[in-house]
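Notes for the one structure printed next.
Residue numbers (mature numbering (1 follows the signal peptide of the UniProt record, and there is no 0)): -20 to -1, 1 to 527.
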């Protein structure tokens, strides 16, 4: 949703200062001068976005499905990013409910497994500008059956990390004219440059999201008094929810749009200050005076609660096993051709040719993602599915241990790397995107599509016509808004019952069970099941604005 010259849009949808630490490593290309006005880290406290409550809730009377209705305004607002004493003016943002990040959506229900998601603007060609200026927030799916030994409540904290660049007047430098990348020389966390947070001496869980336009991070943790010694922490979750088991590490790679959940036990550091650092000279990122720091935790006081402060469980989740496959079904090259960002030479504006794969519904495929450049790296986001990272050659040369224990929807394709991922393309048939999540690359056409072709499940008790309706159908499109808040009575009596009656999301479990039955009796041959009913590609060519 985008409006030029408007300061208010409407969105409704369902569902402290320390001495500088010594430089640990030197950047091979040198540390560049400030682009933004200088800022001394750890002056301002971390701000945690508030949780948004639904405006209305409806329970579908037949099967008990609960549907929440949320209402969010997109507003222009100003915030004082630099200290008032600096004489630098406020920053103008455009954010959800007039804040950036936007309010956090927390659900205890959902069609997907528990996980950390995020919502952000997706307007084609201007995603970088809109997300960078504030249109992004957390969307967290929780479960009452989650491991009780993990931190919850006030000890479960979302951290949106985003590198930005400011002008001398305090306003943001815009990525609108960028064609390569916007690295940013100011690292913000939840909108605050290099914040600090006072924490109790106990375990905390942090949900990390890299919402930068172009900067990736290799994070590590140090005691401010011993900056040359990296401290261990545990990774417990990724893009698709819990890892199979906690993985201890002393560093964590996170690229744009990736999410990782980590647990830090501050009980070991009573009275100390810990710094979350970022390795210099990592991949293609440009280094600036303070981009090797992220935030600080000050461990003080006593633990006021022991809930979720027990030992980490040996097992966190039984992850769905997509299976194994020797054959590589598709190879996709992410590269720059004649100044244009492309996948296999195709850009998203090439409508007749942008569908690069047609995996059958429920079918297992292995994709090879290639980056032959030493000048660029690409976080690759594949819509619809959760995949397993099975190999990485070149570049870093291996799958990270925490990657191996996770299911993902974004994988970091570093310099000169080939990464193989495997997934079942289910539950829904239809056309979906995959793309680089460097938002400059995304906006400039490093996107393509795949068509999940439907199979006939009617003989397994699942009507073939009961799959999810084409999301580009007019009924699903945004409707005009009259400028008034939504009427709760109308939402409860008309809007939500109508939505429930559409049957937009049939039972995922039933679809996946039917697909499993289908492939038991219809094994794939050369990657193609019999009785595949492909959607017409010619009809899809009219869908030139799906995203």
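Even for Gly, the Cβ is constructed at its ideal location relative to N, Cα and C.
For residue i, which beta-bridge partners are listed by DSSP?
i           : result
residue 228 : 214
residue 403 : 345
residue 276 : 176 and 255
residue 201 : 211 and 256
residue 576 : A query on residue 576 cannot be resolved here, the shown segment of the chain reaching from -20 to 527 and no further.
residue 241 : 187 and 217
residue 233 : 198
residue 262 : Bridge partners of residue 262: none, in fact.
residue 25  : 176
residue 206 : 203
residue 146 : 152
On the premise that residue j lies in contact with residue i, defined as a C-beta separation below 8 Å, what is that separation, rounded to the nearest angstrom?
i           : j           : result
residue 387 : residue 299 : 6 Å
residue 72  : residue 122 : That pair is no contact at about 34 Å.
residue 83  : residue 31  : 7 Å
residue 19  : residue 52  : Going by Cβ atoms, the distance from residue 19 to residue 52 rounds to 30 Å, so no, they are not a contact pair.
residue 118 : residue 81  : 7 Å
residue 222 : residue 296 : 4 Å
residue 215 : residue 189 : The pair is not a contact, with the Cβ atoms about 14 Å apart (cut-off 8 Å).
residue 395 : residue 375 : 5 Å
residue 471 : residue 50  : Not quite, the Cβ-Cβ distance comes to about 11 Å (not below 8 Å), so this is no contact.
residue 401 : residue 349 : 7 Å
What does the alpha-carbon distance come out to for the pair residue i and residue j?
i           : j           : result
residue 286 : residue 279 : 16 Å
residue 174 : residue 61  : 11 Å
residue 229 : residue 143 : 24 Å
residue 437 : residue 494 : 7 Å
residue 116 : residue 195 : 16 Å
residue 381 : residue 249 : 26 Å
residue 344 : residue 406 : 9 Å
residue 342 : residue 488 : 12 Å
residue 498 : residue 106 : 42 Å
residue 227 : residue 383 : 10 Å
residue 293 : residue 207 : 30 Å
residue 112 : residue 44  : 39 Å
residue 4   : residue 353 : Caution is warranted here: a pLDDT of 37 is assigned to residue 4, below 50, making its placement in the model unreliable, and no coordinate value can be reported.
residue 274 : residue 64  : 22 Å
residue 192 : residue 211 : 25 Å
residue 325 : residue 16  : 36 Å
residue 162 : residue 420 : 8 Å
residue 330 : residue 399 : 25 Å
residue 338 : residue 311 : 13 Å
residue 428 : residue 347 : 14 Å
residue 502 : residue 409 : 18 Å
residue 351 : residue 317 : 13 Å
residue 219 : residue 391 : 10 Å
residue 500 : residue 171 : 50 Å
residue 147 : residue 23  : 20 Å
residue 480 : residue 11  : 55 Å
residue 483 : residue 238 : 31 Å
residue 74  : residue 109 : 10 Å
residue 58  : residue 154 : 16 Å
residue 54  : residue 141 : 21 Å
residue 468 : residue 46  : 16 Å
residue 41  : residue 236 : 41 Å
residue 252 : residue 283 : 15 Å
residue 184 : residue 67  : 36 Å
residue 462 : residue 56  : 19 Å
residue 323 : residue 95  : 29 Å
residue 288 : residue 158 : 45 Å
residue 260 : residue 197 : 9 Å
residue 160 : residue 492 : 41 Å
residue 136 : residue 124 : 15 Å
Would you check whether the ligand GTP has a heavy atom nearer than 7 Å to the C-beta of residue i?
i           : result
residue 197 : No copy of the ligand GTP appears in this structure; indeed no ligand is present at all.
With contact counted as at least three CB pairs below 8 Å, one residue from each stretch, are the region 452 to 462 and the region 361 to 368 in contact?
no
Is it true that the region 194 to 202 meets the region 292 to 307, where meeting means three or more beta-carbon pairs spaced less than 8 Å apart?
A contact between stretches requires three or more CB pairs, one per stretch, nearer than 8 Å, and the region 194 to 202 fails this requirement with the region 292 to 307.
Report the start-end ranges of each beta strand (DSSP E) in the region 311 to 397 that is 3 residues or longer and not cut off at the edges.
320 to 323, 335 to 337, 344 to 351, 358 to 362, 368 to 374 and 390 to 393
Touching or not, the region 177 to 196 and the region 238 to 248, by the rule of three or more beta carbon pairs under 8 Å?
yes
Which runs of the beta strand (DSSP E) spanning at least 3 residues fall entirely within the region 406 to 468, listed in chain order?
410 to 416 and 427 to 432
Beta strand (DSSP E) segments (min. 3 residues) lying fully within the region 71 to 144:
71 to 76, 85 to 87, 95 to 100, 116 to 121 and 136 to 144
Contiguous beta strand (DSSP E) assignments of at least 3 residues, all confined to the region 31 to 78
Positions of the beta strand (DSSP E) runs, each at least 3 residues long and wholly inside the region 31 to 78, are given as 36 to 39, 46 to 59 and 71 to 76 in order along the chain.
Segment contact, 8 Å Cβ cut-off, at least three pairs: the region 355 to 363 with the region 406 to 423:
Contact between the region 355 to 363 and the region 406 to 423 is present, because at least three Cβ pairs lie under 8 Å.
Could you give the uninterrupted runs of the beta strand (DSSP E) lying entirely in the region 150 to 198, keeping only those of 3 residues or more?
166 to 169, 176 to 179 and 183 to 190
Across the region 96 to 103 and the region 250 to 260, are there enough close Cβ pairs to call them in contact, namely three or more that are closer than 8 Å?
no
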